[in-house]
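Okay, structure first, notes after.
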Amino acid sequence: MSDDDNESDEHEPVDISDPWSKLQPVLAGHDPKADGYKISDVVSVFPVRNTERNLWELHVHEVNTVTFDADAFVTTADLGMYINGVLEGLEQGVAEQRGELDDDPRPTGPGGGKEFQ
């Protein structure tokens, strides 16, 4: 039996009608053997160690983006909506930064500012 088989036996079965059901162990509390859960290709959650609270780190592209208390969410769908909100906020922030860089109001060139020679 492989390690993957052991993991699936220890947790609730995945409910395919709830795409966020794989987050059930997060809501249930820290799994002492868990190193984290991969939600998608770019999103993972990892337990915060050495705390009495049910704290988790949300990593996007392997960067810790936000820490959340899983006890604040009643269902996996609630937690999934929160994660989607964080991702949408990140996407919006990136889009705004790109827009600001594209529409840079600072003048350049002849008659409009300094030009490097």
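Residue 81 in numbering that gives the first Met the number 0 is what sits at position 82 of the sequence shown, and the numbering runs on without skipping anything.
C-beta atoms are modelled at their ideal positions from N, C-alpha and C, and glycine is treated no differently.
Note that the coordinates shown come from a computational prediction; the quantities given were computed from them, not determined experimentally.
Item, Value
"Option nearest S20 by Cα separation, candidates V42, E61, T74", "T74"
"Test item: CB-CB of V47 and L54 under 8 Å", "yes"
"Residues bridged to L54 [DSSP beta-bridge criterion]", "D68"
"The beta strand (DSSP E) enclosing P46, as first and last residue numbers", "42-46"
"Nearest neighbour of N83, chosen from N49, G28, A27, T64 [CA to CA]", "T64"
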